[in-house]
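See below for the structure under consideration.
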Amino acid sequence: MPITKRNVLRHELIGLEARVVNSSDPNLIGISGTIIDETRNMLVIEQMERPKMVPKANSIFRITLPSGEEVEIEGAKLVARPEERVKKRR
Numbered sequence: 000m001p002i003t004k005r006n007v008l009r010h011e012l013i014g015l016e017a018r019v020v021n022s023s024d025p026n027l028i029g030i031s032g033t034i035i036d037e038t039r040n041m042l043v044i045e046q047m048e049r050p051k052m053v054p055k056a057n058s059i060f061r062i063t064l065p066s067g068e069e070v071e072i073e074g075a076k077l078v079a080r081p082e083e084r085v086k087k088r089r
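Going by numbering that gives the first Met the number 0, the sequence shown opens with residue 0, and the numbers climb by one from there.
Encoded structure:
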């Protein structure tokens with residue numbers, strides 16, 4: 000099943016491009032790159048210098064889907080272990 004705006008929360012995020020568009024920590028705004036890992040509370044975004052760990056709960060992400068479409072996701076909706084999040088019904 001392809002990733003769409005409607006089902007992105009039920010899919011794996013690793014490998015997708017992401018940008019932090021808003022955060023309670025102003026130093027995180029603008030971080031962009033490929034999501035290389037995900038934990039319950041963090042997304043790890045690979046950048047040129049080194050990977051950055053971004054807390055999910057306090058951030059809003061703009062994620063580029065494989066189709067090229069962009070979707071903004073509140074990080075609070077992502078807070079869960081990846082294997083548990085993909086099973087949730089929304």
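Virtual Cβ for every residue (Gly too), placed ideally from N, Cα, C. These numbers were taken from a predicted model, which means no experiment stands behind them.
Margin query: Tell me which residue opens and which closes the alpha helix (DSSP H) that Arg84 is part of.
Written below: The sequence position of residue 84 within the sequence shown is 85, counting from 1. Where Arg84 is concerned, the enclosing alpha helix (DSSP H) stretches over Pro81 to Arg84.
Next item on the list: Rounded to whole angstroms, what's the CA-CA distance from Arg61 to Lys86? Just pull it up for me.
Entry: Reading the sequence shown from its first residue, position 62 is the one you call residue 61. Reading the sequence shown from its first residue, position 87 is the one you call residue 86. The alpha-carbon atoms of Arg61 and Lys86 are separated by roughly 22 Å.
Notebook entry, point to check: Taking Cβ positions, are Val70 and Lys4 nearer each other than 9 Å?
Noted result: As a working note, residue 70 is residue 71 in the sequence shown. As a working note, residue 4 is residue 5 in the sequence shown. Yes, the pair counts as a contact, with Cβ atoms nearer than the cut-off.
Notebook entry, point to check: Is Asn40 closer than 9 Å to Lys51 when the C-beta atoms are compared?
Noted result: Here the question's residue 51 lines up with position 52 in the sequence shown. Here the question's residue 40 lines up with position 41 in the sequence shown. Taking 9 Å as the Cβ cut-off, Lys51 and Asn40 do not qualify as a contacting pair.
Note to self: If you measure between the beta carbons of Glu48 and Ile35, is that distance less than 9 Å?
What the structure shows: Counting from 1 along the sequence shown, the entry for residue 48 is found at position 49. Counting from 1 along the sequence shown, the entry for residue 35 is found at position 36. Cβ distance not < 9 Å, so Glu48 and Ile35 don't count as in contact.
Check: From Ile13, Arg18 and Pro65, pick the residue whose C-alpha is nearest to that of Glu37; which is it?
Finding: Numbered from 1 along the sequence shown, position 38 holds the residue referred to as residue 37. Minimum Cα distance to Glu37 is reached at Ile13.
Check: Shortest alpha-carbon distance to Glu73 belongs to which of Leu15, Val19, Met0 and His10?
Finding: Along the sequence shown, read from residue 1 onward, the residue named residue 73 stands at position 74. If we check each option's Cα against that of Glu73, Val19 comes out closest.
Notebook entry, point to check: From Asn6 to Met0, what does the alpha carbon distance come to, in whole angstroms?
Noted result: Counted from its first residue, the sequence shown places residue 6 at position 7. Counted from its first residue, the sequence shown places residue 0 at position 1. Roughly 9 Å separates the two Cα atoms.
Note to self: Tell me which residues share the same chain as Gly32 and place their Cβ nearer than 6 Å to its Cβ, disregarding the 5 neighbours each side in the sequence.
What the structure shows: Residue mapping note: residue 32 aligns to position 33 of the sequence shown, counting from 1. Cβ neighbours of Gly32 beyond the five flanking positions: Ile44, Glu45 and Gln46.
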